[in-house]
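In the numbering used here, the protein residues as written are -10 to 222.
Note that CB positions come from ideal geometry on N, CA and C, so glycine has one too.
Report on the following structure.
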Amino acid sequence: MYEKRLDNRGFDELRPMEAETGVVPNAKGSARFRIGNTEAIAAVYGPEEVKPKHFEKFDRGIIMCKYDMLPFSVPDRAKPGFDRRDTEISQVITNALSRAIRLEEMPRSMITVRVYVTQADAGTRCASLTAASMACADAGLPMRDLVAAVAAGYIGGSVCLDLTKDEEDLHDEGATDVPIAFLPSKDEIVLLQLDGKVGHEELNEVIKMGKIGAMKIYELEKEALRRRVSNES
Ligand code: ADP
């Protein structure tokens, strides 16, 4: 049984968070999102001409996202360059953002999103997606909604929100990690992955807890964007 969390948080408690936009002056839009010891910075470029040209779509824009962990983001130094994990995470972020951005309003153009993880303590794909969606909004792209993402999970019979790396590594407790991303105002799930084993009913509980956590992240994202607008005016 997992009765008390390793960092003494409540089972439905998120780690302390920070969100801000406009952190990369040379990008069209940018954002930083921190949750506990996990932090991601996202920069957005475009809409611009599609390169290479054969990727161009005459009726919609395309989006290219790249996720990368900086070498100093983890204690044992992440290897530079893209590995299979980076490629997978880049793809799931691209898929989720494609549902949030109104690509049909920008035919024949391309949006590029670069996300860098500066500190990793689990949940980096969710933090990256949250930062990327704020950066897209900061760039003024037409959007259906922001993306709010968090990992929930199931450890030793308990549903948990926002797992740390130490919790993900509780293999004897059968730790299961479920990254989830929502378009909150549309009530749509745009990313759902599962690493581990969990029953059907428990999975519903995990998703429910993830959704409540994502709503808190959503409020923080909106607050960061509002702050930016009021600072500019
Ligand atoms: P996520 O970061 O979205 O939870 P994973 O489950 O693949 O994705 O990774 C879990 C955690 O494992 C990361 O957040 C990070 O703390 C750690 N990790 C991932 N890759 C490496 C690496 N190359 N070196 C050290 N730690 C890593």
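Please identify the residue among the options whose C-alpha is closest to the C-alpha of residue i.
i                : options                           : result
phenylalanine 47 : Thr27, Ala16 and Leu92            : Leu92
glycine 142      : Arg216, Glu157, Glu45 and Val13   : Glu157
arginine 215     : Glu9, Asn193 and Arg(-6)          : Glu9
aspartate 151    : Asp176, Gly18, Phe44 and Gly112   : Gly112
proline 5        : Val139, Gly163 and Arg73          : Val139
glutamate -8     : Glu177, Ser219, Glu162 and Leu181 : Glu162
glycine 194      : Pro64, Asp166 and Glu221          : Here the sequence assigns glutamate to residue 194, which means glycine is not the residue at that position. Checked all of Pro64, Asp166 and Glu221; the closest Cα to glutamate 194 is Asp166.
tyrosine 207     : Asp134, Leu183 and Ser219         : Asp134
glutamate 77     : Arg66, Asp57 and Arg(-6)          : Asp57
asparagine 26    : Ala213, Glu7 and Pro14            : Glu7
Does the separation of the CB atoms of residue i and residue j fall below 9 Å?
i              : j                : result
aspartate 110  : lysine 68        : no
cysteine -10   : glycine 145      : Looking at the sequence itself, residue -10 is methionine, so the reference to cysteine does not match. Contact: yes.
methionine 204 : proline 173      : yes
valine 104     : serine 117       : yes
serine 79      : threonine 107    : no
cysteine 115   : isoleucine 24    : yes
alanine 170    : glycine 18       : no
alanine 85     : valine 148       : no
cysteine 54    : isoleucine 30    : no
alanine 164    : alanine 20       : no
glutamate 210  : phenylalanine 22 : yes
leucine -5     : leucine 181      : no
If residue i and residue j are in contact, beta carbons under 8 Å, what's the gap, nearest whole angstrom?
i            : j              : result
alanine 124  : methionine 132 : In fact, because the Cβ distance is near 11 Å, the residues do not count as touching under 8 Å.
valine 102   : threonine 119  : Not quite, the Cβ-Cβ distance comes to about 12 Å (not below 8 Å), so this is no contact.
leucine 59   : isoleucine 90  : The Cβ separation is near 25 Å, so there is no contact.
arginine 251 : glycine 50     : Because the chain spans -10 through 222 in this model, residue 251 falls outside it and cannot be assessed.
Touching by the beta-carbon criterion (3+ pairs, under 8 Å), the segment 92 to 110 and the segment 24 to 40 = Contact between the segment 92 to 110 and the segment 24 to 40 is present: 3 or more CB-CB pairs across the two stretches fall below 8 Å.
Three or more C-beta pairs closer than 8 Å, one from the segment 189 to 205 and one from the segment 1 to 14: is that the case here?
-> The answer is yes - the segment 1 to 14 touches the segment 189 to 205, with three or more Cβ pairs under 8 Å.
Inter-stretch contact (C-beta, 8 Å, three-pair minimum) for the segment 18 to 34 and the segment 175 to 193 | These segments do not touch.
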